[in-house]
Amino acid sequence: MRTVISTETLYSDFVKKVEAISEQTLPSCYQCGKCSAGCPMCFAMDLLPNQIIRLAQLGLEDDITKANTIWICASCITCSVRCPRGVDLARVMEALRLITSRKNIDQVQIPEIPKETIAELPQLAMVGGFRKLTA
Amino acid sequence: MKLSYYPGCTLKTKAKNAEDSAIASLAALGIELAELPRWNCCGTVYSFAGDEELHQLAPVRNLIRVKETGSDKVVTICSFCYNTLKRADLLVTNNPEKMHTINTFMEEEIDYEGDVEVVHLLEVLRDDIGWESITEKVQVPLTGLKVAPYYGCTLLRPQDIAIDDVERPTIMGDLLKALGADIVDFPYATECCGSYQIISNPDFVSQRAWDILSSAVRRKADAIVLSCPLCDANLGQKQKELMHTHSEFKGIPILYFSQLLALALGLDPEVCHFELNYVDPQPLLESKELFRH
Chain R
36 MRTVISTETL YSDFVKKVEA ISEQTLPSCY QCGKCSAGCP MCFAMDLLPN QIIRLAQLGL
96 EDDITKANTI WICASCITCS VRCPRGVDLA RVMEALRLIT SRKNIDQVQI PEIPKETIAE
156 LPQLAMVGGF RKLTA
Chain Y
103 MKLSYYPGCT LKTKAKNAED SAIASLAALG IELAELPRWN CCGTVYSFAG DEELHQLAPV
163 RNLIRVKETG SDKVVTICSF CYNTLKRADL LVTNNPEKMH TINTFMEEEI DYEGDVEVVH
223 LLEVLRDDIG WESITEKVQV PLTGLKVAPY YGCTLLRPQD IAIDDVERPT IMGDLLKALG
283 ADIVDFPYAT ECCGSYQIIS NPDFVSQRAW DILSSAVRRK ADAIVLSCPL CDANLGQKQK
343 ELMHTHSEFK GIPILYFSQL LALALGLDPE VCHFELNYVD PQPLLESKEL FRH
């Protein structure tokens, strides 16, 4: 994957925002890949979790937004408990989701969910999903 | 002994089988689970954001409800409720500033001061009752039943709220062993089922369900045993579809640990509400002579 790194993105508000919401220090990550190795949802991701944090370090917001990764993450926290550098990647993923969600952009269109699905699913599936995937 | 109990939404509907079997079992073990007279949604998923105190109001308000009953401990049965309430308690206990903000915002409530301990039912069974005392009360040992304990995420992660070892938990296996069952260890015991992705990416959850279920089947488990109503729905509801896409797959019953506890204690199977299980476990339990219609 080709990426263009510039001081403009590197010192952008985006990086500061991600660090502020997630309360994590992005440069702590040294790209060992343990997060991606243990991620149960990575089979469905465009970019792996370790690639997402690398892009976040470099401030490459557009590349992150184009990938489905942050919306496939199921917040299982496996990456966070295994990170040898103590980076809570689940919180970084949440910060990245919120940067989009706070612009009132939803990943799930609630009125389009079929009635049968609503009847079948337990409440916590829906409340949990709406909390993570909608504004 | 009487303990405050927080049920949460799903235990009153889809997971009534978890709630009723748990309350009846605890009563048989000498503990009354007293449901809070007032409670609200726990928030379901804990908010990871550092700037969202608003999302901590729901769980903290529930902890205040516990305090109002004069109790300093609350029991949860749902794994998600456990996680959200426990993490909210830790967050405000470790951040006096956030605690102050939340208390000030909810000025109509008494102040929360980090003075409620949140525990999961499995912890009560292990720490307050003990495996040996449970074994002594067993009327119908689960002899010959091969069960795979499945923990999922929210009882174990993050580390500071884990009810057992994060990577190698034994608590549910220890309980089932105390009830006389054979434990099947399988590599997916602590892996995520896909969780709330069921509403946006159901096909990916099918893949997760297949990985988990087929692993347990390969290890010759008769049933999977769990605590979380969302894992139960994801692993249970997907089985019809998976039997279609994988012709060799014959399905595997999923049970709440509390249902097997109630059976082993010799309680009326009515409290287990097996009709709510996505895959009917009754033929299996009958074949092991643990259950009669």
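Which chain is which? The protein sequence lines are R and Y, in order.
Under our numbering, think of the first position of the first sequence as 36, with each following residue one higher.
Under our numbering, think of the first position of the second sequence as 103, with each following residue one higher.
Beta carbons: idealized from backbone N, C-alpha and C, even for Gly.
Asked                                                                                                                           : Found
Three-state secondary structure assigned by DSSP to threonine 272 of chain Y                                                    : coil
Proline 161 of chain Y burial status per 10 Å Cβ neighbour count (16 or more: buried)                                           : buried
In DSSP terms, what proline 251 of chain Y is bridged to                                                                        : Y:Val327
8 Å Cβ cutoff, phenylalanine 306 of chain Y in contact with chain R                                                             : yes
Residues that arginine 228 of chain Y contacts on chain R, provided the C-beta gap is smaller than 8 Å                          : Chain R residues near arginine 228 of chain Y: none, gap ~21 Å exceeds 8 Å.
Where lysine 138 of chain R sits in the DSSP three-state scheme                                                                 : coil
Beta-carbon proximity list for proline 383 of chain Y, same chain, < 7 Å, skipping 5 on both sides                              : Ala325, Pro355, Leu357, Phe376
Interface flag, lysine 51 of chain R vs chain Y, CB-CB below 8 Å                                                                : no
Test item: CB-CB of glutamate 234 of chain Y and threonine 203 of chain Y under 8 Å                                             : no
Through-space distance from valine 373 of chain Y to leucine 392 of chain Y, alpha-carbon basis                                 : 15 Å
Candidates Y:Leu315, Y:Asn336, Y:Phe288, of which the one nearest valine 307 of chain Y by Cα                                   : Y:Asn336
Cβ of glutamate 155 of chain R within 8 Å of any chain Y Cβ                                                                     : yes
Residues, ordered as in the chain, of the region 162-185 of chain Y that lie near chain R by beta-carbon distance below 8 Å     : Cys180, Phe182
Identified DSSP bridge partners for lysine 104 of chain Y                                                                       : Y:Glu134
Cβ-Cβ distance between phenylalanine 359 of chain Y and leucine 277 of chain Y below 8 Å                                        : yes
Short Cβ contact (8 Å threshold) for glutamate 151 of chain R with alanine 151 of chain Y                                       : no
CB contact below 8 Å: phenylalanine 351 of chain Y versus chain R                                                               : no
Outcome for methionine 76 of chain R when other beta-carbon atoms lying within 10 angstroms are tallied against a minimum of 16 : buried
Cβ-Cβ separation, leucine 328 of chain Y to phenylalanine 182 of chain Y (assumed contact under 8 Å), whole Å                   : Contact doesn't hold; Cβ gap of about 12 Å is too wide.
CB-CB length for leucine 159 of chain Y against methionine 201 of chain Y, believed under 8 Å                                   : Contact flag wrong, Cβ pair sits at about 12 Å.
Closest Cα partner of glycine 296 of chain Y within the set Y:Leu365, Y:Ser123, Y:Ile314, Y:Ala283                              : Y:Ile314
Minimum length 4: unbroken alpha helix (DSSP H) runs contained in the region 141-174 of chain Y                                 : 159-170
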